[in-house]
Each structure stands twice: as C-alpha cells, then as structure tokens.
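Engineer:
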Amino acid sequence: MNCPYCDFYDSKVIDSREVNDGIRRRRQCLSCGSRFTTYERLQPASLFVIKKDERREEFNRDKLLTGIRKACEKRPLPTGSVDKLADDIEAELYRQGKAEIPSAAIGDMVMERLKNLDHVAYIRFASVYREFADITALKQEVDTLVGSEVGASLPTSQLSLLPDDKLGEIARSRRRVQKRGRRG
Ligand SMILES: [Zn+2]
147 MNCPYCDFYD SKVIDSREVN DGIRRRRQCL SCGSRFTTYE RLQPASLFVI
197 KKDERREEFN RDKLLTGIRK ACEKRPLPTG SVDKLADDIE AELYRQGKAE
247 IPSAAIGDMV MERLKNLDHV AYIRFASVYR EFADITALKQ EVDTLVGSEV
297 GASLPTSQLS LLPDDKLGEI ARSRRRVQKR GRRG
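Heads up: the sequence shown is residues 147 to 330, going by this note's numbering.
(1) Beta carbon of residue 223, beta carbon of residue 267: below 9 Å?
(2) Give a single yes or no on whether residue 179 has its beta carbon closer than 8 Å to a heavy atom of ligand 1.
(3) On the CB-based measure, 16 or more other CB atoms within 10 Å of its CB, does residue 273 come out buried or exposed?
(4) So the beta strand (DSSP E) residue 194 belongs to, where does it begin and stop?
(5) How about residue 153: is its Cβ closer than 8 Å to a heavy atom in ligand 1?
(6) Determine the closest residue to residue 204 out of 172, 249, 170, with distance taken between C-alpha atoms.
(7) Under 9 Å between the Cβ atoms of residue 192 and residue 173?
(8) Round the Cβ separation of residue 234 and residue 259 to the nearest angstrom and send it over; I've been treating them as touching at under 8 Å.
(9) Which one of 180, 179, 185 has the shortest CA to CA distance from residue 171?
(10) Take residue 175 and list the residues in its own chain whose beta-carbon comes closer than 6 Å to its own, dropping the five residues that flank it on each side.
(11) For the beta strand (DSSP E) that residue 185 lies in, which residues bound it at each end?
(12) Between the Cα of residue 152 and the Cα atoms of 160, 167, 164, 177, which residue gives the shortest distance?
(13) Measuring only from the beta carbon, is residue 175 closer than 8 Å to any heavy atom that is part of ligand 1?
(14) Kindly indicate which residue of 164, 264, 275, 163 has the alpha-carbon position closest to the one of residue 218.
(15) Taking the continuous beta strand (DSSP E) assigned at residue 170, which residues delimit it?
(16) Got a sec: does ligand 1 put a non-hydrogen atom nearer than 8 Å to the Cβ of residue 149?
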C-alpha cells in the first residue's frame, strides 16, 4: 500500500497486532517518514447487496465507508470512530453469514449506530438514505430524536446541516405544501 501522504510505494512495519478479525499494522513511510495504519483481514465469501430495484451488487466496504464519512463530515468525532463503525457493520454482516442482504438492512444498521454516535451525522445520513418524502417526515424524525433530550424541536435554520441537494428537495416540497395550503 502506498503512503497516504506522499504516495511512496514502500513502508516498514513498526508495530503489528491482532484485532477483532484481522491484523493491524502500524507502518512508517520509507520516503517521508509519515506513519499510517493498515488492516489485513481475511476476505470472506462474497456478500451481495440487494438494491431497491432488486439489482444485486457485491458488498463494498469503501462505499459504505464513504457514505458514513459524508454524514460525519466536520463533526467532532474521535479519530477512527468512522472506520470503526464501518468495521463493526462489515463484521456484523459477515457474522450473519448470509449470501445476500437488502441495502435497507445495511442502512438501518448504520443509522442505529450513528444515532448513538452523533445526532447531526445521523440526521444527515437519514435524510439521504431514507429519502424523506417531505419536510414533515424529516421534521418528525428530528423531533423524535432531539425531543427527549432538549425538549425542543430543531429550528428550521438548522436544516443547513443537510446536504445541498437535499435542501433543494426540501425547499421544493415545502413550496408544494404551501401551494396545496393556498388551494385548500
Ligand atoms: Zn510518505
């Protein structure tokens, strides 16, 4: 594996230990001296994800990690917690030993864990993954989430926490709701 800092092809192992399902190696780049970590794990039998349109796609940890990273972007989370979350889910999936799993089930697993990790990341992930039909459904989810803790609903201004494309969608659905309101 190339150095993530300078892309040099060679590194030396300075520490190696067994973790859950594999081996964790601390490495030092032979060119720039930066340290980084690699994990070596056994590749289990293929696991396929059943998409919403019934297509099958081989499970891809990187894809899962990218989705979680996006939701956790700029959140004050401990280093490594996002990777750990992806590791946990991957391990859980293979523990179940199924050949196929619906993408929705994986989404639920991510949400369950994000809920305990970071509420903002949870809402971001939920807003993309659940594809909330309208602002009301999203607001209900947010209210449920924060209601018990602070006893107040999230002000509308906080919706800027959502990804841009989602914001546009919400704005559009809100306009639709207003139009309906005027008609009724
Ligand atoms: Zn380097």
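C-beta atoms are modelled at their ideal positions from N, C-alpha and C, and glycine is treated no differently.
Every value quoted in this text rests on a predicted model; they were computed, and no experiment measured them.
Structural biologist: Taking the geometry as given:
(1) Position 77 of the sequence shown, counted from the start, is the residue given in the question as residue 223. Position 121 of the sequence shown, counted from the start, is the residue given in the question as residue 267. Contact flag set, yes.
(2) Taking the sequence shown and counting its residues from 1, the one referred to as residue 179 is at position 33. For residue 179, the distance from the CB to the nearest heavy atom of ligand 1 is below 8 Å.
(3) The residue given as residue 273 occupies position 127 in the sequence shown. Classification of residue 273: buried, given that the 10 Å Cβ count is 16 or more.
(4) Your numbering for residue 194 matches position 48 in the sequence shown. According to the DSSP assignment, residue 194 belongs to the beta strand (DSSP E) that extends over 194–196.
(5) Start at 1 with the first residue of the sequence shown, and residue 153 comes out as number 7. Because some heavy atom of ligand 1 lies under 8 Å away, the Cβ of residue 153 counts as near it: yes.
(6) In the sequence shown, residue 204 corresponds to position 58, counting from 1. Considering only 172, 249, 170, the residue with the shortest C-alpha distance to residue 204 is 249.
(7) Within the sequence shown, residue 192 is the residue found at index 46, counting from 1. Within the sequence shown, residue 173 is the residue found at index 27, counting from 1. Not in contact: residue 192 and residue 173 (Cβ atoms no closer than 9 Å).
(8) Within the sequence shown, residue 234 is the residue found at index 88, counting from 1. Within the sequence shown, residue 259 is the residue found at index 113, counting from 1. Going by Cβ atoms, the distance from residue 234 to residue 259 rounds to 7 Å, so yes, they are a contact pair.
(9) The count along the sequence shown starts at 1 and reaches residue 171 at position 25. The residue with the shortest Cα to Cα distance from residue 171 is 185.
(10) Stepping through the sequence shown from its first residue, residue 175 is reached at position 29. 149, 154, 157.
(11) Residue 185 sits at position 39 when you count from the first residue of the sequence shown. Element bounds for residue 185: 181–187.
(12) Mapped onto the sequence shown, residue 152 falls at position 6. The option with the nearest alpha carbon to residue 152 is 177.
(13) By one-based count along the sequence shown, residue 175 stands at place 29. For ligand 1, at least one heavy atom lies less than 8 Å from the Cβ of residue 175.
(14) Residue mapping note: residue 218 aligns to position 72 of the sequence shown, counting from 1. Nearest to residue 218 by alpha-carbon distance, out of 164, 264, 275, 163, is 264.
(15) Reading the sequence shown from its first residue, position 24 is the one you call residue 170. From DSSP, the beta strand (DSSP E) with residue 170 extends over 168–175.
(16) Here the question's residue 149 lines up with position 3 in the sequence shown. Yes, Cβ of residue 149 sits closer than 8 Å to a heavy atom of ligand 1.
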